[in-house]
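Residue numbers (the numbering used here), protein chains in the order written: chain F, 1 to 250; chain Y, 251 to 573. Reading through the structure tokens given below for one structure.
Okay, structure coming up:
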């Protein structure tokens, strides 16, 4: 049974690695040059955060695995990210809506490790939180522009929200890992994360003239390594070069 | 797009003389200054071609972001491609000071006859290509851009100063990637040698035709937009690169390559100009794919740009009129 903090770090590290990967797929294909640059920048931040979190996970594990080993040499069932992060990038509305829902959650969720007692994790979380504020602002502005832009952009933004909403329940599920890291004091696990997140996104989506779906949350399991069919293919691409050259340095 | 059949009106001789005097004194020309129409046209062509190249250049390198074999390399590559987008933006803004807007320039290359650098019509087939592009393609670009940083048009020259700094960084990263592969496993070594074999000649073609066959060079040199000829710049690049290749024990694919004691130059064999002509006339390995990818991005992004414009228009309406 891996240590809870190791498991916790994989979860929040993998969220960022996988979401960063999806956003990086936009590079060169954005709707406007400024967005090519912004999406590359957000990817860069997320992958940078993932590298720090996974390196720390490897150190705590003490078996000689670093961020690269964890990123390139685990299979999909060993990944611990939210399923929402691994869904294909979709259209620009889907990508931005997902970034908004995720960043609004991360904005609150990262307070947990920031308030905790693990010095290395606190430092990484504080850096990530600072970067995340910019991601949240950027994605929020686009959600408003799309929701309150043209008929087409409104329709696409609403469709993205309808598609993504049932995946958001996974962000608030808590299990033994969360309870254990809270007991250790490494993470302060807030009981009111979901209502605070819901209040924040309700306000913004209202300003974007979008309607929060009433659909039920989906069955999920990313935190336990139960993923969608999309993750395996994504990792096949991500890991192909590294795995074709075992033992090589890059 | 068709070229204007009308001959441009002759320039005012007094203004023309003053313009020439300013160039002779090495003064920079600024956006609001008078300039001959041909100078404006040549600069617009050159700057927009440069900006398009930066943007199209995001595609061959972007092709490997999702497959980069380490997180550090992935981040370096993302940052590099992001820089290129930034350069594109910066040069488009510079070109706009000549009185044409970005949307029109983009239309000219997506749907018209405007060109971008031929090098980006070659495919990136292996991870090593990312290193070789940084080393050779950015290396060649730097030689050209270092000269352009002293070009007579102020906004272009200033853009080049900033861009060269970043390009130098990209080149060092690319060379370091190649060096790492060259001292790696036999498979890594073979990968980087193959990439050099594929990119060497296209990199040399980046400097354009020999001086005698370059249709735009005369005016550009006269107006101090270019300060050195294509062949001079190419020679400088070869002289810089040959020792770098030797240092990492990589062979350059030119059996005629030799050092000339008298001139101190590394002399190259003949360039295959037939290939160059094929690529610039649209028949290179990836011309079709590059343009198709950029058109798709542009067309699929139309609704996003329209949404932004519609939202901005709503916000600028006087209070009370907004719905």
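Ideal Cβ placement from N, Cα and C applies to all residues, glycine included. Just so it is clear, the structure is predicted and the values come from calculations on it, not from any experiment.
Throw me the rounded Cβ distance for the residue 367 of chain Y and residue 285 of chain Y pair, which I believe falls under 8 Å.
Taking the second chain and counting its residues from 1, one reaches residue 367 of chain Y at position 117. Taking the second chain and counting its residues from 1, one reaches residue 285 of chain Y at position 35. About 25 Å separates the beta carbon of residue 367 of chain Y from that of residue 285 of chain Y, a gap too long to meet the 8 Å contact definition.
Please check if any C-beta of chain Y sits within less than 8 Å of the C-beta of residue 264 of chain F.
Nothing can be reported for residue 264 of chain F: it is not among the residues displayed for chain F, which extend from 1 to 250.
Alpha helix (DSSP H) containing residue 333 of chain Y: first to last residue?
Here residue 333 of chain Y is taken as the residue at index 83 of the second chain, counted from 1. Where residue 333 of chain Y is concerned, the enclosing alpha helix (DSSP H) stretches over 321-346.
Assign residue 533 of chain Y to one of two classes, buried (16 or more other C-beta atoms within 10 Å of its C-beta) or exposed (fewer than that).
Translated into the one-based positions of the second chain, residue 533 of chain Y becomes position 283. It is exposed - the Cβ of residue 533 of chain Y has fewer than 16 other Cβ atoms within 10 Å.
Rounded to a whole number of angstroms, what is the C-alpha to C-alpha distance between residue 423 of chain Y and residue 15 of chain F?
Here residue 423 of chain Y refers to the residue found at position 173 when the second chain is read from its first residue. Here residue 15 of chain F refers to the residue found at position 15 when the first chain is read from its first residue. Near 28 Å, if we compare the C-alpha coordinates of residue 15 of chain F and residue 423 of chain Y.
Please confirm whether residue 57 of chain F has its beta-carbon closer than 8 Å to some beta-carbon of chain Y.
Along the first chain, one-based indexing puts residue 57 of chain F at 57. Chain Y contact via Cβ: absent.
Euclidean distance between Cα positions of residue 238 of chain F and residue 280 of chain Y
Numbered from its first residue, the first chain carries residue 238 of chain F at position 238. Numbered from its first residue, the second chain carries residue 280 of chain Y at position 30. Between the alpha carbons of residue 238 of chain F and residue 280 of chain Y lies a gap of roughly 47 Å.
Give the straight-line distance between the Cα atoms of residue 106 of chain F and residue 62 of chain F, rounded to the nearest whole angstrom.
Looking up residue 106 of chain F in the first chain gives position 106. Looking up residue 62 of chain F in the first chain gives position 62. Straight-line Cα distance between these residues: approximately 27 Å.
Does the contact criterion of 3 or more C-beta pairs under 8 Å hold for the region 95-105 of chain F versus the region 235-249 of chain F?
Remark: fewer than three beta-carbon pairs, one from each stretch, lie closer than 8 Å, so the region 95-105 of chain F and the region 235-249 of chain F are not flagged as touching.
Once you ignore the five residues that flank residue 352 of chain Y on each side, which residues in its own chain have a CB closer than 7 Å to its CB?
Counting from one through the second chain, the residue named residue 352 of chain Y turns up at place 102. By the criterion of a C-beta distance shorter than 7 Å, residue 352 of chain Y is surrounded in its chain by 342, 346, once the five residues flanking it on both sides are discounted.
Within 8 Å (strictly less), CB to CB, does residue 43 of chain F reach chain Y?
As a working mapping, residue 43 of chain F is identified with position 43 in the first chain. Interface residue, yes.
With three or more beta-carbon pairs closer than 8 Å as the criterion, would you say the region 219-226 of chain F touches the region 42-51 of chain F?
Touching, no.
Which residues of chain F have a Cβ atom closer than 8 Å to the Cβ of residue 317 of chain Y, listed in chain order?
For this step, residue 317 of chain Y is matched to residue 67 along the second chain. Simply 237, 238, 240, 241.
So, are the CB atoms of residue 548 of chain Y and residue 360 of chain Y less than 8 Å apart?
As a position in the second chain, residue 548 of chain Y is number 298, starting the count at 1. As a position in the second chain, residue 360 of chain Y is number 110, starting the count at 1. Taking a C-beta distance under 8 Å as the contact criterion, residue 548 of chain Y and residue 360 of chain Y qualify as a contact pair.
Could you tell me whether the Cβ of residue 252 of chain Y comes closer than 8 Å to any Cβ of chain F?
Residue 252 of chain Y sits at position 2 when you count from the first residue of the second chain. Unreliable placement is indicated for residue 252 of chain Y, whose pLDDT of 47 sits below 50; no coordinate value is reported for it.
Measuring only between beta-carbons, confirm whether residue 474 of chain Y sits less than 8 Å from chain F.
The residue labelled residue 474 of chain Y in the question sits at position 224 within the second chain. Cβ-Cβ to chain F under 8 Å: no for residue 474 of chain Y.
What would DSSP say about residue 515 of chain Y, mapped onto helix, strand or coil?
Locating residue 515 of chain Y in the second chain gives position 265, where the first residue counts as 1. Residue 515 of chain Y: strand per DSSP, three-state reduction.
On the premise that residue 325 of chain Y lies in contact with residue 376 of chain Y, defined as a C-beta separation below 8 Å, what is that separation, rounded to the nearest angstrom?
Here residue 376 of chain Y refers to the residue found at position 126 when the second chain is read from its first residue. Here residue 325 of chain Y refers to the residue found at position 75 when the second chain is read from its first residue. Not a contact, Cβ separation roughly 20 Å.
Quick test of your reading: residue 204 of chain F and residue 76 of chain F, contact by CB under 8 Å. State the CB separation rounded to the nearest angstrom.
Working through the first chain from its first residue, we reach residue 204 of chain F at position 204. Working through the first chain from its first residue, we reach residue 76 of chain F at position 76. The Cβ separation is near 32 Å, so there is no contact.
Collapsed DSSP secondary structure at residue 380 of chain Y in the structure displayed
Working through the second chain from its first residue, we reach residue 380 of chain Y at position 130. Helix.
Provide the residue span of the alpha helix (DSSP H) that contains residue 509 of chain Y, from first to last.
Here residue 509 of chain Y refers to the residue found at position 259 of the second chain. Looking at the DSSP string, residue 509 of chain Y is not in any alpha helix (DSSP H); the run it does join, the beta strand (DSSP E), is 508-510.
Run through the DSSP bridge pairs and tell me what residue 403 of chain Y is partnered with.
Taking the second chain and counting its residues from 1, the one referred to as residue 403 of chain Y is at position 153. Partner residues in the beta bridge of residue 403 of chain Y, as assigned by DSSP, are Y:279.
Check the Cβ-Cβ distances between residue 268 of chain Y and every residue of chain F, and say whether any is below 8 Å.
The residue given as residue 268 of chain Y occupies position 18 in the second chain. With 8 Å as the cut-off, residue 268 of chain Y does not count as an interface residue toward chain F.
Proximity test, Cβ basis, 8 Å: residue 204 of chain F and chain Y
Translated into positions along the first chain, residue 204 of chain F becomes position 204. Contact of residue 204 of chain F with chain Y is not assigned, every C-beta pair being separated by 8 Å or more.
Residue 66 of chain F by DSSP, collapsed to three states: which one?
Working through the first chain from its first residue, we reach residue 66 of chain F at position 66. Judged by DSSP in its simplified three-state form, residue 66 of chain F adopts coil rather than helix or strand.
Output, in chain order, the set of chain Y residues within a Cβ distance shorter than 8 Å of residue 113 of chain F.
Here residue 113 of chain F refers to the residue found at position 113 when the first chain is read from its first residue. What residue 113 of chain F touches in chain Y: nothing, since even the nearest Cβ is about 20 Å away.
Against chain C: residues of the region 58-86 of chain F by CB proximity under 8 Å
No chain C is present in this structure, whose protein chains are F and Y.
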